[in-house]
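Working notes for the structure below.
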Amino acid sequence: MKRTGGSGMIAALILACLFATTMLLTLVMGARVYRGVQARVEASAEGRVGLAYITAKVHGNDHAGGISVQDFGGVDAVVLAQDYDGERYVTALYVYDGQLMELFCSDLDAFTPAEAPPSAPALGWQADQADGVLPLTYVAASGSERYAYIAMRSEEDSSADE
């Protein structure tokens with residue numbers, strides 16, 4: 001009896017194994033690329049989210065005398081003042097102990113920076129206020145720095161409109 005196709009069967013088996021190995025290597029490399037892209041997106045978003053949050057809070061509170069930069073327990077804080085039913089409340093935004101913090105209270109002097117709930121991981125920030133502009137430097141937990149220059153529209157002379 002003659003054997004036929006034995007070498008063809010071995011060649012087909014080798015070809016199938018080669019194909020499976022190539023597919024497996026492609027999947028592994030694709031997973032590595034995906035993890036790298038995901039890490040970069042998360043690091044980028046981390047910095048943008050913190051700064052966007054601060055910027056939105058400042059824009060939402062942009063009225064004359066509503067925004068100031070103060071020292072709060074040894075850290076720079078952007079303090080947003082609001083009046084509710086005739087009573088003055090403040091929201092302090094600052095970075096403390098590796099976290100962006102937000103404290104809402106009626107008397108800022110009655111609290112310490114450690115008492116606020118954390119909003120987002122952050123390494124630090126610097127805030128100044130000059131000539132109707134609030135420049136912010138925000139350092140995300142990944143170490144990336146983000147910058148914003150917020151124009152304070154409410155600080156303009158309102159008597160010029162009359």
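Number 100 in the numbering used here belongs to position 100 of the sequence shown; there are no gaps in the numbering. Beta carbons are placed, not taken as given, at the ideal position from N, Cα and C, and that holds for glycine. Quick caveat, the model's predicted, so the values are computed rather than measured.
- For F19, the uninterrupted alpha helix (DSSP H) segment begins and ends at G6 to G60.
- Taking 8 Å as the cut-off, the Cβ atoms of E46 and S106 do not count as close.
- Between A127 and D76 a beta carbon distance of about 5 Å is seen, short of the 8 Å cut, so the two are scored as contacting.
- E42 and G6 have their C-alpha atoms spaced approximately 54 Å apart.
- Taking all protein chains shown into account, L134 has 16 or more neighbouring C-beta atoms within 10 Å of its C-beta and is therefore buried.
- Judged by pairs of C-beta atoms under 8 Å, the region 109–123 does not touch the region 16–33, as fewer than three such pairs exist.
- By the neighbour-count criterion, in which a residue is buried when 16 or more other Cβ atoms sit within 10 angstroms of its Cβ, V95 is buried.
- Secondary structure of D128 (DSSP, three-state): coil.
- Looking from the CA of G50, the closest CA among A114, M23, G86 and Y147 belongs to Y147.
- Residues of the same chain with a CB within less than 7 Å of the CB of F72, apart from the 5 flanking positions on each side, are A92, Y94, L108 and P113 in chain order.
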